[in-house]
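Report on one structure; see the data block that follows.
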Amino acid sequence: MFLTPIIRRTSIAAVLCTISLLSACAATPQRPSSALQSAERAIATAEDARAVQHAPLELRQARDKLAAANNAVEKDEMDIARRLAEEAAVLAELALARSEMQVALETNKELKNTTDMYKDELTRKKVLNRRAGESS
Amino acid sequence: MKSRNSTFSLRCSLASMLFATLVVSGCASAPATQSSLEGAKSQLAELQSNSLLANRAPVAMRDAEQAVKAAEQADTGSEDGEHLVFMAEQKVRIAETRAWERYYDDERQTLIDERDRAQLAARTREAEQAREEARHATLQAETSQEETAQLRRQIEELNAKPTEQGLVLTLREVLFETDEYALKAGAHADLDRLADFLKQYEERDVRIQGHTDSTGDESYNRELSQQRANAVKEYLVSQGIAPQRIATLGRGEAMPIANNDSSAGRQLNRRVEILIENPAVATTGRRR
């Protein structure tokens, strides 16, 4: 109970220390704004294409990566943030591709089903007609 | 044509199943943190050698090739190297997915054509069937109209009078010699028409009633009228009508239709009446 504030204070100090060390190492710690924006846009586009339904895994990975990128920005780890943002964007792009591919596939499936339905209808009628012909 | 299409679509569905398996296993075995350059390279090579997909998504394919090249040139083990391998992997997946999408797009027109053909065939069949049914119905209506008309003509020929119970045909005394119950030869024409009618309408039974005038002994008259009715029945049976369809009754002088005081009235009373029962009456109130 008495120890908690001490631990907290120590860890805050450690984090501050790390950040100052890292920023000392990094040459130019610039926020990767355009990469982050691209990732956000790509995720929004995938969501518009109903990726939640068609590619939920890829979409979740993209969101996780973007969240991690924003975390990295908070920590001033700008190189890591840029890479994570790029990875988020490429995952969102994959999610979009999966969604559009899924829609194309389902459209074709529906067409095939309709064709089968008509063919069934035709066969059924022929059978019925044949039976009617036999009985009369 | 048809079998080639179905083989083709079978191959496609097999391929897409395989693809789905690859994707699922790819996702399961290669999480984002453990990227593999070799995996990306072999997946790209596979895609490039797949004749079904290789040329379908050139832009995405070029992106994937460049990403793989960039990953190959990067320092393995470095953070940036890992990142580039991850990017290459995703780009290859995107290229493959886009190729499949394009494949489905290209396949679509064929499927639309197939559907339209099937629809046309089904609708044509439906229309033919409707036409056939309509033709059949018209034919049936014509037949039944024709039958009704024919029955009316025949009844007119029999000179029969339609009543509630059926058709009543009255044979005058001139068919028999006085005090005789054997049919005169001239009676045959009328009775032949009746026999033909009964053969055609097998659901109709007949009741034959003999009548006399009031001259003479009553029981003698009843006997005579019974025998005249029997003579008519026998003739009909000889013409092929089943005896169980024919009932006979001698009514004697009990039911005159005219005054017995005049000879003209008496002549009207000496008669045989034949009731051709209506089919409904025959089934509900059958009397033997």
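Residue numbers (the working numbering), protein chains in the order written: chain A, 305 to 440; chain V, 193 to 480.
Backbone N, C-alpha and C fix where the C-beta goes; we use that ideal spot for every residue, glycine too.
As the structure is a computational prediction, the values presented were derived from the model and not from experiment.
Proximity of residue i and residue j at Cβ, strictly below 9 Å
| i | j | result |
| --- | --- | --- |
| V/V398 | V/I347 | no |
| V/H496 | V/R463 | In the structure as shown, chain V begins at 193 and stops at 480. Residue 496 of chain V is therefore absent and cannot be evaluated. |
| V/R285 | A/A401 | yes |
| V/M253 | V/A246 | yes |
| A/A389 | A/A399 | no |
| A/A441 | A/I347 | Absent from the structure is residue 441 of chain A, since the part of chain A shown begins at 305 and ends at 440. |
| A/A343 | A/K379 | no |
| A/A366 | A/A339 | no |
| V/D405 | V/P448 | yes |
| A/V377 | V/F278 | no |
| A/N375 | V/Y296 | no |
| V/R248 | V/R300 | no |
| A/A350 | A/L361 | no |
| V/Q431 | V/L383 | yes |
| V/G378 | V/L416 | no |
Nearest-angstrom Cα separation, counted from residue j out to residue i
| i | j | result |
| --- | --- | --- |
| V/Y373 | V/A423 | 7 Å |
| V/G457 | V/E426 | 28 Å |
| V/E271 | V/E281 | 16 Å |
| V/P471 | V/R385 | 19 Å |
| V/R315 | A/T418 | 13 Å |
| A/K423 | V/E318 | 12 Å |
| V/D371 | V/T407 | 11 Å |
| V/Q287 | A/L426 | In the sequence on display, residue 287 of chain V carries Ala and not Gln. V/A287 and A/L426: Cα-Cα distance of roughly 41 Å. |
| V/F389 | V/E465 | 16 Å |
| A/D352 | A/E404 | 11 Å |
| V/R344 | V/G358 | 13 Å |
| A/K430 | V/Q401 | 57 Å |
| V/H328 | V/S243 | 56 Å |
| V/E324 | V/A352 | 40 Å |
| V/S227 | A/E410 | Here V/S227 scores only 49 on pLDDT, less than 50, and its place in the model should not be relied on; the value that follows carries that caveat. About 31 Å. |
| V/R437 | V/Q337 | 27 Å |
| V/L363 | V/E334 | 34 Å |
| V/G444 | V/A421 | 11 Å |
| V/E306 | V/D298 | 14 Å |
| V/E257 | A/Q341 | 25 Å |
| V/Q240 | V/T302 | 25 Å |
| V/L229 | A/M421 | 47 Å |
| V/Q321 | A/R435 | 14 Å |
| V/T484 | V/E394 | Since the first and last residues shown for chain V are 193 and 480, residue 484 of chain V lies out of range. |
| V/A434 | V/L460 | 30 Å |
Residue i, DSSP secondary structure in three states
| i | result |
| --- | --- |
| V/E372 | coil |
| A/I347 | helix |
| V/I449 | coil |
| V/E469 | strand |
| V/G218 | Low confidence applies here, because V/G218 scores a pLDDT of 42, under 50, leaving its location unreliable and the question unanswered by this model. |
| V/G444 | coil |
| V/T268 | coil |
| V/P223 | Reliability fails at V/P223, whose pLDDT of 42 lies under 50, so the model's placement of it is uncertain and the value that follows must be treated cautiously. Coil. |
| V/L383 | helix |
| V/L363 | strand |
| A/K429 | helix |
| V/R250 | According to the sequence as given, residue 250 of chain V is Pro; it is not Arg. It is helical. |
| V/P354 | strand |
| A/R335 | coil |
| V/R463 | strand |
| V/D298 | helix |
| A/M421 | helix |
| A/A328 | Low local confidence applies: a pLDDT of 47 at A/A328 is under 50, so the model's placement there is unreliable, with the coordinate-based value given in what follows. Three-state result, A/A328: helix. |
Exposed unless 16 or more other CB atoms sit within 10 angstroms - verdict on residue i
| i | result |
| --- | --- |
| V/T340 | exposed |
| V/S217 | Here the model assigns V/S217 a pLDDT of 44, short of 50, so the residue's position is not dependable and the matter cannot be decided. |
| A/P336 | buried |
| V/K376 | exposed |
| V/Q418 | buried |
| V/T213 | At V/T213, the pLDDT of 46 sits below 50, so the modelled position is not reliable and the matter cannot be decided from this model. |
| V/L331 | exposed |
| V/D255 | buried |
| V/N451 | exposed |
| V/V251 | exposed |
| A/M305 | Only weak support exists for where A/M305 lies, its pLDDT of 46 falling under 50; the value from the coordinates is given anyway. By the 10 Å Cβ count, A/M305 comes out exposed. |
| V/N413 | buried |
| V/L276 | buried |
| V/T440 | buried |
| A/A328 | Model confidence at A/A328 stands at a pLDDT of 47, short of 50, so the residue's coordinates are unreliable and nothing is read from them. |
| V/V260 | buried |
| V/L361 | buried |
| A/Q357 | exposed |
| A/L432 | exposed |
| V/P223 | Any reading at V/P223 must be qualified, since the residue scores a pLDDT of 42, below 50, and its modelled position is unreliable; the value itself is stated next. Its Cβ having fewer than 16 others within 10 Å, V/P223 is exposed. |
Proximity test, residue i beta-carbon vs the ligand GTP heavy atom, cut-off 8 Å
| i | result |
| --- | --- |
| V/A314 | For the structure depicted, the ligand GTP is absent and the ligand set is empty, with no information on it obtainable. |
(message) So within the segment 388–438 of chain V, which uninterrupted alpha helix (DSSP H) runs reach at least 4 residues, ignoring any that extend past its ends?
(response) 410–430
(request) Please list the segments of the beta strand (DSSP E) lying wholly inside the segment 309–351 of chain V, counting only runs of 3 or more residues, in order along the chain. (result) none
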